[in-house]
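Below is one structure, written out as structure tokens, with a few remarks after it.
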Amino acid sequence: MKPTRTIVNRISGSWMIISLLLILMLPLIIGIALFIKATPLFEVQSFYKLITSMNWSPVEGKFGFWPFIFGSLFVTLLSFLFAAPVCLLAAIYLTQFASKKLIRIMHPVIDILAGIPSVIYGMWGIIIIVPFVSGILGPAFDIKSPGYSILAGGIVLALMCIPYMLNMLIETFNTVPLGLKEAALSLGATQWESIKHVILKKSYPGIISSYGLGIAKAFGETLAVMMVVGNMVQITFNPFQAGYPLPALIANNYGEMLSIPLYDSALMFAALILLGVILLINLFFRYFIYKTQK
Amino acid sequence: MRNAKAIEERFFKILTGIASYSLIVILGFIILIIFIKGFNAISLKMILHTPKGGYYYGGEGGVLNAIAGSLYIAFGATFIAIILGIPSALFLNVHLISYKRTQNTIRYLLDALWGIPSIVYGAFGFTLMLYLGMNASLIAGIITVALLITPIIIRTFDEVLSTIPKGLHEASLSIGYTRTELAFKIIFKQGFSGFITAVLLAFGRGIGDAASVLFTAGYTDLVPTHLDEPAATLPLAIFFQLGSPIPEVRERAYASAAILTIIILMVSLVARTLSKKYSKSNLK
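Protein chains in written order, with our numbering: chain U, 2 to 295; chain W, 196 to 479.
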């Protein structure tokens, strides 16, 4: 063997390992960096107090994150309620009933829906959803709404999560062995009965995981939500009112964060919460998928 | 009894069908609105000029600064992501081919990494920037976006590589190929369609992402000429112009959105055609 070939092999081999390790270490590096930036905040307030306090006024040095965490949870929950049934139904149709032609059309449709940038969804939300909420939905329930509301955020977010969840659900249903369904059909079950009793039951863990990962995705979505959600620091159970999710807090205040003491720490802490929550949900459900598929 | 079953069957078939077709309708609706709104305001001036004085009060100019900035960042980030991502994916499928457990653990971690939202990458990029004493600049934006899209490149490419039959490895190694030659001359070629898909997917994601460049790339009315200058990006241009109270400026946000959508659609179309073209000649 020529020596140059061995050397090239060595060098490229090490480069491969280095780049892979670098990427795998990334979550850890991000976590540590954010944590270091956020530590000054822990010296002023305890972790528990930061999370649960409702008092948010950075100028006075008071950082209570509960309104933002609440806002994030509320928007995410709403979007989940809208997106989950649609995804499940569409996934059933596309894997069980749909013609080959429809599936060929649906692939690019889902891909493009997933590829549209969040700022475009946000703009579309401002043009369509916001007036819809304030002009049609609000009056229909006899509630005055500014339009820029948690409900609008939930609807836009649901649209963004649908392609993501749908893809995972389709994958789940496709892994159910065809023989199981055929056995059910041969015993005299109708098409729908075989879906209800065999396919759905068999892919139950996959459905849960897809939903979990969809929720994680919704929890971290920034720009589209921020554009339609109203961004007011308040706690309300009325979805027609404005809210203020965590990612919007970070994105909205980056300009002034260096001018107020501890503000930058607070925003990095918010990013750390997002990272922690989303990474945990991801690790848990992906492990769940991996374990149940074996 | 029989009838009830048939009705249930019919009901659910129609219901699930409606859910599926509604997705096509929604996509059509979104794109239609973006284009109708956008084409009212779009003009050659929008694409070929940077903002002139008073642009943000309805004055002359266009969004060339944002188009150029976005393209620079997306190309730069994709380039870095290829350098990091392609060797990683090849390593995973060549050197680790016999270690299924390690392979699966790595895939598991990469998938989790894919789930981290871009705002977190943005915040991280910002802390990194402060730590290194840099200002918001083109290079900071490129690095942040590169970190964001590298997991995407690795996993998408890996998805195709993992379908390559193991016999190909054994044959190549047995005639005296080194692992590197096997990786780049055989496996890479076999998975070329996956490479194209991965790169274009990452490029599309990079050009459309706003939250990661919000902190790191800054915003400017000029087309950046050096890596340490701030750069405007299309998503942020849309976002800022949309917040303006002046109707003409908002119109331009619509036009910018149409431009961004066209770029994204084109990238997606190219990805489809090319990956189809290159996967034809693959060994099965």
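Glycine included, each C-beta is placed from N, C-alpha and C at the ideal position.
- From the beta-carbon of Glu-257/U, no residue of chain W is found nearer than 9 Å; the closest lies around 13 Å away.
- Counting along the chain, Glu-446/W sits inside the alpha helix (DSSP H) bounded by residues 442-474.
- Neighbours of Gly-116/U across chain W, judged by C-beta separation under 7 Å: Gly-399, Ile-459 and Ser-463.
- Given a length threshold of 4 residues, each whole run of the alpha helix (DSSP H) inside the region 412-445 of chain W is given here in chain order: 429-437.
- Taking 8 Å as the threshold, the shortest C-beta distance from Asp-416/W to chain U does not fall below it.
- Taking all protein chains in view, the Cβ of Met-124/U is crowded by 16 or more other Cβ atoms within 10 Å, so the residue is classified as buried.
- Cβ-Cβ distances below 7 Å link Leu-259/W to Ile-242, Leu-243, His-244, Thr-245 and Val-418 in the same chain, with the five nearest sequence neighbours on each side left out; the list follows chain order.
- Contiguous alpha helix (DSSP H) elements confined to the region 196-259 of chain U occur at 205-221, 224-229 and 247-253, taking only those with 4 or more residues.
- Chain order gives no chain W residues near Ile-137/U, where near means a beta carbon separation below 8 Å; the closest approach is about 16 Å.
- Counting only runs of at least 4 residues, the region 25-58 of chain U fully encloses the following alpha helix (DSSP H) elements, listed from N- to C-terminal order: 48-53.
- For secondary structure counted as the alpha helix (DSSP H) over 4 or more consecutive residues, the region 333-395 of chain W holds these complete runs in sequence order: 333-356 and 361-369.
- Put simply, of Ala-397/W, Gly-257/W, Gln-436/W and Leu-363/W the residue whose alpha carbon is nearest the alpha carbon of Gly-386/W is Leu-363/W.
- Per the Cβ contact rule, the region 276-293 of chain W is in contact with the region 346-355 of chain W (3 or more Cβ pairs under 8 Å).
- Excluding five sequence positions before and after Ala-448/W, the CB atoms of its chain that fall closer than 6 Å to its own CB belong to Ile-433, Gln-436 and Leu-437, given in chain order.
- Across the region 321-348 of chain W, CB contacts with chain U closer than 9 Å involve Phe-321, Thr-322, Leu-323, Leu-325, Tyr-326, Leu-342, Thr-345 and Pro-346, in sequence order along the chain.
- Using beta-carbon distances, Ile-275/W does not count as an interface residue toward chain U, since no partner is under 8 Å.
- In this structure, Ala-252/U lies away from Leu-323/W, with their beta-carbon atoms at least 8 Å apart.
- Here Lys-101/U carries a helix assignment [DSSP, helix/strand/coil].
- Between the alpha carbons of Ile-229/W and Val-462/W lies a gap of roughly 18 Å.
- Each of Leu-368/W, Leu-464/W and Thr-339/W was checked against the Cα of His-108/U, and the nearest Cα belongs to Leu-464/W.
- Listed along chain U, the residues sitting closer than 9 Å to Glu-204/W by beta-carbon distance are Thr-191, Gln-192, Trp-193 and Glu-194.
- At a cut-off of 8 Å, the C-beta of Ser-13/U has a neighbouring C-beta in chain W.
- Scanning its chain for C-beta atoms nearer than 6 Å, with the 5 sequence neighbours on each side dropped, one finds around Leu-308/W the residues Pro-346, in chain order.
- Counted as a single uninterrupted DSSP element, the alpha helix (DSSP H) harbouring Gly-155/U occupies residues 151-175.
- By the Cβ criterion, the region 439-453 of chain W is not in contact with the region 269-276 of chain W, since fewer than three pairs of Cβ atoms, one from each stretch, lie closer than 8 Å.
- Under the Cβ distance rule, Thr-77/U does not count among the residues neighbouring chain W, no pair being separated by less than 8 Å.
- In the three-state reduction of the DSSP assignment, Phe-321/W falls in the helix class, which pools H, G and I.
- Listed in chain order, the non-local C-beta contacts of Gln-235/U below 8 Å within the same chain comprise Pro-68, Gln-242, Ala-243, Gly-244 and Tyr-245, local neighbours out to five positions each way being set aside.
- Annotation: Cβ neighbours of Ile-219/W in chain U (cutoff 8 Å, chain order): Ile-106, Met-107 and Val-110.
- Only residues of its own chain outside the window of five on either side were considered, and among them none has a CB closer than 8 Å to the CB of Leu-325/W.
- In this structure, Ile-268/W sits near Gly-336/W, with a CB-CB distance shorter than 8 Å.
- Following the DSSP letters along the chain, one finds Ser-187/U inside the alpha helix (DSSP H) bounded by residues 179-187.
- In this structure, DSSP gives Phe-142/U a state outside helix and strand, which the three-state scheme calls coil.
- Residues of the region 81-95 of chain U that bring their beta carbon within less than 9 Å of a beta carbon in chain W comprise Pro-86, Val-87, Cys-88, Leu-89, Leu-90, Ala-91, Ala-92, Ile-93, Tyr-94 and Leu-95, in sequence order.
- Contact residues of the region 286-307 of chain W toward chain U are Phe-286, Leu-287, His-290, Asn-299, Ile-301, Tyr-303, Leu-304, Leu-305, Asp-306 and Ala-307 (C-beta to C-beta distance below 8 Å).
- If you ignore the 5 residues before and after Ala-217/U, its C-beta comes within less than 7 Å of the C-beta of Ile-279, Ile-282 and Asn-283, all in its own chain and listed in chain order.
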